[in-house]
Every structure is written in C-alpha cells, then in structure tokens.
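This report concerns only the one structure given below.
Chains as they are written, first to last, in the numbering used here: chain X, 1 to 339; chain U, 340 to 678.
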C-alpha cells in the first residue's frame, strides 16, 4: 500500500468543499477557502494545501469563526477599500473586495485594501497573483501570533508576519514571492522538535531569552526574524501597516484574543496594488521588457526566480490531473467529515 | 591638535551651501542638498553627512549632473505624482513634489510619488521622516548600481537597494528605519579592504561567483543581499518598483549609464505614503495607542527601536550646537571650494 494518496484536481476540490460544508461553512466560504487550498496543493505547497483543512475545521469548531459571515465592503476613500470579514475566514472578504481594489488601482494608480476582523490561515501568494492576473503589481502583509522576538529582544512580540509581492509578466506566470519574516516557520520548529533534531543557530531563543538550538526550548521561548535587525525592522513595519494603520490587532493582541484556542489567528490584512500603466506614464511595454531583462539576467547566472519551483509543479500537476498527499493526512481529512 | 573639527550647526549649513554653490549648484539645489546632509550629520550619520559633499561635487564635475535643473511636477493620476528631476540631484524634485504627495495621500488614503531622471546620493530616512511630520506613514525605495548578486547567483545584478519606512508618533520622533538590502554597504567592504581585514562569511562572492572573505576579491566580484533568498527577493522587488514600474532604470542600467564615472547613480525613486486617518476609518487615536504599546513592548525587553541611537545623537548635537567631523574630511571639503 502506497504511503500517498493521489487525487484528481476535481476530486480535491470536491473533498475540500464537502469537508468544509459538513463542518458549518456555507457554500460561499467553502468555495473561497477551497480556491486557495486548491491553488496551493496544485503547486505542491503542502503546508498551505489540503493540510490546512485541519486548521479550518478546528477554527470553526472552536466556536468563534463564523462560517456564514457575509463580508461588508466599504468604499472609504478614493484609493482605499475596507472589507469587514465579520469574523469569517478572510478569503470571502478578499474576493468580495477584489473588484473594487482593482478598479480603484486602475483609476488612481495605487490603492489599498484593508481586510478587518478576519480569521486568517492562508498563504498570501494566491491573492497577489490574482492582482497580477489583472495586470497589477501588489504587496500583501498580515501579522500572526507573537511568537517572534525583535532583534535584541528576549521574548515573542512579533508575528511570523509574511510579506508577499507579485509583478505581472506578459504571457508568463507572474514574478511572485511570499515569505515569513521569521527565520523559520513555526511548523518547521515543530518538525525539528518531533524529530529530536537540533535547530540551526540563529533561529530561536529560549524562555530566558538566550540563543538555543533546542527545538523544545524554542517552542517555549521565541523565534527570531530572518536577516537580523533588518528583518526585525521589516516585521515591525508589517505589524504597523497590517495592524494599527488599518484599525486592527497586532500579533500580540491577536494571540491574547485566541486564549490558546487552536484556531486560525484573528486580525487584519493589508494589500497594496500598483497600476504600472499610470505609474510608468503609459510606457508599460518598454518597462515590461526592462523587467524581463532583469529576470533573464538573474536566471542566466543560475539563480532561481522565486516561485519557479511552484510553477513547474503546477504544470505537472495540471497535466497529470493529479495531486498527491500522505495517506495519513488523507485519513485525517476524511475523519473530519460529519455525518 | 585634535583629529576632529567641531562645527556649529549654522556653520555646517553655511559650509555645505557654499561648497555646493561654488561648484555650480544653484541656491535651490544647494539648499535642498544641504538640508539632507545637515539632517544626517546632525544625527551622527557620518556616511551620509558632510562626507557626501565629496560625491556631490564629483558628480557635478563629471559634467552630467545639472546643478541648475528645474524639476517638473506632474499630477498624473488621483494617487500618483511624478517628478522629473531633469538630470538634477533628486532632492529638489522631492521637495517640489512633497506637498502634492501629502495632499493626495490625505485626500485618497494612499498615494505614490515617482521621481525620475535623478542623480541620487542621499539617505532615504530624511524623506520618510518628513512624511511622518505630516502625520503619514511612508515607504521609500531606490535602486543603485549592480554590485549585488541575487541569491544563488554569481555576479552583480541588483543594487544595494535601500528600503526606508517611517511611522508618525504623537509628540515623539517617528519610528523610522532605512537599510540597504545588501548585507554590507559598499563603503564597508572598502574599509575592510583598506584595513587588510577579512570580511565575515556571507557578505560577498568573488569574480568567479564563489564565496569569499577577501575584500579585494569582493570588490572585483559581488556583494550578497542580507537575509539570503528573502533579502534577495526584496531587493528584486525594489528593482521593479523603483525601476520598471515608474519607467526608470534598473541598477544594471544605471551602472551602464555611469560609464565608470565617479558620480552619484542616475535612476528613479518611489515613495508610498499612507494616511492613517482614512485607513483606520478615523480611529487614529486608539491605533496610535496600539502602536505605542507595540513599541513599549519592544523597548521593555531591552531591544532598541531603529533610529533610537540617531535621535539621541540629534538631541545632543542640537543641545551643544555642534557636530564633529574628522579633520582630514574637513580639509578635503575645504579643498573643494572654488575661487
């Protein structure tokens, strides 16, 4: 018996939607969540693919995530859309506000979307990719929970605070990246802990604030940001822009709000979209070529563009109409189905 | 005889303006440049203080920087200002466009300023600080010259590509940072080379693309970004947003344009400003408090906020009405004065 289970793309979608709906998400939420889980699994981003169904179901079972919430989209200023997720998962609010964000960006050159009062579990790249499908460049940022110490600090204050960016390319997948500003993902530390392996230096501190390579001590202490004081500064910026700027929680407030419940973090999200046509003064063509020369120069020296591996997986999985997940995960997912 | 020369703040300003004007900058340019040199020297940012007069004078002597250029400010879209520096130093163009950037941001919630066709030598933090003085949060980015290799690469493609951010604080200096996305500044490598000291690991590669700790080999090869592939991704984003997005040069194009002349890099700059009042839905007060709790939590654990050291220097230097620079630098500056 294989350790993996292979699913067709259609059956992956069906599985995800049915699990979500049988646990109390309405069809709109189930579809919005499934779109992103599907996109991630299709690209072999296993950490944000079908695996996340476990977190979605845990979140709604904890009793605070509203699986029926209708997001409200508010046109607050010429270049600002706000979407109140009303305690639902963020994705339906994103979908509801996306057309207005695109419209405002096309009209005004740059615009922001602030999503408020949302539970958030998803990778950011599918969102910025969608803005690039509309011909726009985009940035997305969210806080998370306060597991990460600032540079020179001794305890968790910052979230893993991911930062995603996408740039549209004519006839090609966009140039897209999405990284946590912590050196490691929380889940990676957990994997080291389970395997009884020592962490690399520079990843974590213990509860007393001292550097540690002990994964257990790291789980009790705090993670560190990538890139020392520069990554730390960037992470603080993300706290500010995706928190106080948009009237929503910091990672520390989000963690307090969760009261230790195993649910997706509750906080806000900010997206910034750029219209290359207006910002370049109508010279998108020559600047697309300029950007392509930059990419070519990177690839030519043997470096990889971010997401390149993901796009290769996407093409293979679409061609084979199949994704593969561990049997144990598949069985855990099936066990979530309610009668 | 002391190795340092002490100047009053007024005499620093006078020195800077007179050196610039005697070398062909008109009064408007000389003042705009001096404002930033003054701000940096006042904060003991020696690398971007009076020392930069050498680069400004070299730049105009190379014959391409226009010391008389009048910037043109164009209102290209509701949330986009473009300022054509017309081959002048960037700072006069920034000053000319700043009121419109502030106005658009206050009106629309978010706005961008693209400065084009400028020679650029200055730190970015004085610019984002000025936006925070107007109650706004702000980001600034510029490319530079292609001295930095992308992660996994073997040669210079990216600039040192600084990224600056500022957040306004009620009755306090703003939360501001400004860092190069290269692990080291170009000047630091040069200091190691002169001192015959080995570089730390992870800072540079040699001309064959191999890791090196030899500063001489690093100058022939390329620098690395901070934070591995994440810092590299961020640096590529800066190339795109401060280059092709705004119809201006990448670091590689800027380097080719310079033809080896010892002048400030010629390229564009992008600033993004955020209006907390509109983005927070009018709840700035409670969100200012939220941001202050975040800062307090960082400082409380013994970590330093970025720029803290700079603000301490500022207060001391203002109180003493004095800045101190090496005598050798002072003499180099005096030697720039034309009869």
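Note that the Cβ used here is the ideal one computed from N, Cα and C, for glycine as well.
Tell me, please, whether the CB atom of residue i is closer than 8 Å to any CB atom in chain X?
{"i": "residue 496 of chain U", "result": "yes"}
{"i": "residue 569 of chain U", "result": "yes"}
{"i": "residue 576 of chain U", "result": "yes"}
{"i": "residue 499 of chain U", "result": "no"}
{"i": "residue 585 of chain U", "result": "yes"}
{"i": "residue 622 of chain U", "result": "yes"}
{"i": "residue 629 of chain U", "result": "yes"}
{"i": "residue 580 of chain U", "result": "yes"}
{"i": "residue 504 of chain U", "result": "yes"}
{"i": "residue 511 of chain U", "result": "no"}
{"i": "residue 589 of chain U", "result": "yes"}
{"i": "residue 427 of chain U", "result": "no"}
{"i": "residue 526 of chain U", "result": "no"}
{"i": "residue 516 of chain U", "result": "yes"}
{"i": "residue 483 of chain U", "result": "no"}
{"i": "residue 523 of chain U", "result": "no"}
{"i": "residue 677 of chain U", "result": "no"}
{"i": "residue 600 of chain U", "result": "no"}
{"i": "residue 421 of chain U", "result": "yes"}
Report yes or no: is there a C-beta of chain U within less than 8 Å of the C-beta of residue i?
{"i": "residue 151 of chain X", "result": "yes"}
{"i": "residue 287 of chain X", "result": "yes"}
{"i": "residue 76 of chain X", "result": "yes"}
{"i": "residue 96 of chain X", "result": "no"}
{"i": "residue 266 of chain X", "result": "no"}
{"i": "residue 137 of chain X", "result": "yes"}
{"i": "residue 254 of chain X", "result": "no"}
{"i": "residue 233 of chain X", "result": "yes"}
{"i": "residue 2 of chain X", "result": "no"}
{"i": "residue 154 of chain X", "result": "yes"}
Between residue i and residue j, how many whole angstroms is the CB-CB distance? I'm expecting something under 8 Å.
{"i": "residue 157 of chain X", "j": "residue 181 of chain X", "result": "In fact, because the Cβ distance is near 13 Å, the residues do not count as touching under 8 Å."}
{"i": "residue 494 of chain U", "j": "residue 301 of chain X", "result": "6 Å"}
{"i": "residue 73 of chain X", "j": "residue 97 of chain X", "result": "5 Å"}
{"i": "residue 17 of chain X", "j": "residue 30 of chain X", "result": "5 Å"}
{"i": "residue 93 of chain X", "j": "residue 83 of chain X", "result": "4 Å"}
{"i": "residue 573 of chain U", "j": "residue 488 of chain U", "result": "Not confirmed; about 14 Å, so no contact."}
{"i": "residue 482 of chain U", "j": "residue 589 of chain U", "result": "6 Å"}
{"i": "residue 509 of chain U", "j": "residue 660 of chain U", "result": "Actually they are not in contact, since the Cβ atoms of residue 509 of chain U and residue 660 of chain U sit about 27 Å apart, beyond 8 Å."}
{"i": "residue 247 of chain X", "j": "residue 622 of chain U", "result": "5 Å"}
{"i": "residue 675 of chain U", "j": "residue 372 of chain U", "result": "Not a contact, Cβ separation roughly 13 Å."}
{"i": "residue 41 of chain X", "j": "residue 50 of chain X", "result": "5 Å"}
{"i": "residue 453 of chain U", "j": "residue 425 of chain U", "result": "In fact, because the Cβ distance is near 14 Å, the residues do not count as touching under 8 Å."}
Can you confirm whether residue i, when its beta carbon is compared against all beta carbons of chain B, has any partner nearer than 8 Å?
{"i": "residue 52 of chain X", "result": "Of the protein chains in this structure, namely X and U, none is chain B."}
| Taking any Cβ of chain X, which residues in the segment 633-653 of chain U have a Cβ under 7 Å from it, in chain order? | Taking 7 Å as the Cβ-Cβ cut-off against chain X, the residues of the segment 633-653 of chain U that qualify are 633, 636, 637, 640, 641, 642, 643 and 645.
- Given 8 Å as the limit, is there contact between the segment 177-196 of chain X and the segment 211-223 of chain X, that is, 3 or more CB pairs closer than that? The segment 177-196 of chain X and the segment 211-223 of chain X touch, with no fewer than 3 CB-CB distances between them shorter than 8 Å.
Practice task
Using a Cβ-Cβ cut-off of less than 9 Å, list which residues of the segment 269-280 of chain X approach chain U; keep chain order.
Solution key: Here the close residues are 270, 272, 274, 275, 276, 278, 279 and 280.
At 3 residues or longer, and completely inside the segment 580-626 of chain U: list those beta strand (DSSP E) runs for me, N to C.
Complete beta strand (DSSP E) runs here, min 3: 605-613.
Note down, in chain order, all residues in the segment 106-135 of chain X with a beta-carbon under 9 Å from any beta-carbon belonging to chain U. For chain U, the residues of the segment 106-135 of chain X that bring a beta carbon within less than 9 Å of one of its beta carbons are 107, 108, 109, 110, 111, 112, 114 and 116, in chain order.
- Message: Which runs of the alpha helix (DSSP H) at least 4 residues long sit entirely within the segment 284-335 of chain X? Give them in chain order.
- Response: Restricted to the segment 284-335 of chain X, the alpha helix (DSSP H) segments that are unbroken, complete and at least 4 residues in length are 284-300, 308-320 and 327-334, listed in chain order.
Practice problem: Enumerate, from N- to C-terminal direction, the unbroken beta strand (DSSP E) stretches of 3 or more residues contained entirely within the segment 96-165 of chain X. | Solution: Complete beta strand (DSSP E) runs here, min 3: 110-119 and 137-141.
Taking only beta carbons into account, state which residues of the segment 51-80 of chain X come closer than 9 Å to chain U, listed in chain order. For the segment 51-80 of chain X, residues whose beta-carbon sits nearer than 9 Å to a beta-carbon of chain U comprise 74, 76, 77, 78, 79 and 80.
key: 4-residue-minimum alpha helix (DSSP H) runs that sit fully inside the segment 165-216 of chain X, ordered along the chain   = As summarised for the segment 165-216 of chain X, the continuous alpha helix (DSSP H) elements at least 4 residues long and confined to that stretch are 186-195, given in chain order.
(message) Three or more C-beta pairs under 8 Å: does that hold for the segment 602-620 of chain U against the segment 319-326 of chain X?
(response) The segment 602-620 of chain U vs the segment 319-326 of chain X: no contact.
**Asked** How do the segment 575-592 of chain U and the segment 289-296 of chain X stand: do at least 3 beta-carbon pairs fall below 8 Å, yes or no?
**Response** Touching, yes.
Check whether the segment 472-483 of chain U and the segment 534-542 of chain U are in contact - that is, three or more C-beta pairs closer than 8 Å. With the cut-off at 8 Å, the segment 472-483 of chain U and the segment 534-542 of chain U do not touch.
Next on the checklist: Give the list of continuous alpha helix (DSSP H) stretches no shorter than 4 residues that lie fully inside the segment 362-393 of chain U.
Outcome noted: List check, alpha helix (DSSP H) in window: 366-381.
Report the residues of the segment 34-49 of chain X with a CB closer than 9 Å to any CB of chain U, ordered along the chain. Here the close residues number zero.
Quiz item: Is the segment 57-71 of chain X touching the segment 271-287 of chain X in the sense that three or more CB pairs, one from each, lie closer than 8 Å?
Solution: No, because fewer than three Cβ pairs between the segment 271-287 of chain X and the segment 57-71 of chain X fall closer than 8 Å, the two stretches do not touch.
Which of the residues in the segment 214-227 of chain X, read from start to end, lie with their CB under 8 Å from any CB of chain U?
Contact annotation: in the segment 214-227 of chain X, residues whose CB is within less than 8 Å of a CB in chain U are 226 and 227.
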